[in-house]
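These notes are about the structure you will find just below.
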Amino acid sequence: LAQIEAVQDLVPDLDPELVVVSGDLSQRSRHGEYQAVRGFVRDLARTAPVYLLPGNHDVQWWWRPLIPFSSRIKYDKYVRYFGPVLAPVMTFPSAVVVGAVTSHGVAWGSLTWNVRDVAVKG
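For what it's worth, my numbering labels the leading residue of the sequence shown as 43, then goes sequentially.
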């Protein structure tokens with residue numbers, strides 16, 4: 043909490059053209075975490091446009107093995123709070139900033155029935 047408050051105090055003094063929050067907005071992709079982050083983002087947006095990218099902790103990765111043909115379901119909760127853009131593109135006179143989604147969740151090749159491995163993966 044102290045770090046978040048420090049960022050909220052610092053950003054207006056920097057007068058940025060944009061703010062990019064690149065992943066791990068949450069620890070476990072929980073509603074309460076996303077609600078807190080939404081308030082944080084709202085505060086930052088008073089200073090500059092805010093662009094978000096989901097991190098591996100923002101993905102409900104456990105859905106991936108259960109619904110193998112839908113790669114978007116793992117982002118459903120994130121999209122509900124922050125909108126459908128997962129990889130924003132920001133264009134400025136001097137630069138183009140492109141977000142890349144790297145939070146893919148569990149890959150089929152990494153699945154195992156070994157209990158010790160499951161404990162490590164999840």
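Glycine included, C-beta positions come from ideal geometry on N, C-alpha and C.
Here Leu52 is exposed. Its C-beta has fewer than 16 other C-beta atoms within 10 Å. Rounded to whole angstroms, the separation of the alpha carbons of His73 and Arg122 is 10 Å. From the listed residues Val61, Val49 and Arg88, the smallest Cα separation to Val131 is found for Val61. Closest in alpha carbon position to Arg70, among Ala44, Asp85 and Tyr117, is Tyr117.
In this structure, the alpha-carbon of Asp100 lies about 25 Å from that of Thr133. Going by C-alpha positions, Val79 is about 8 Å away from Ser68. For Leu86, the uninterrupted alpha helix (DSSP H) segment begins and ends at His73 to Leu86. Residue state for Val62 is assigned as strand, using DSSP reduced to three classes. The alpha-carbon separation between Val138 and Glu75 amounts to approximately 30 Å.
In the three-state DSSP reduction, Ala129 falls in the coil class, being neither helix nor strand.
Only residues of its own chain outside the window of five on either side were considered, and among them Pro96 and Asp100 have a CB closer than 6 Å to the CB of Tyr120, listed in chain order.
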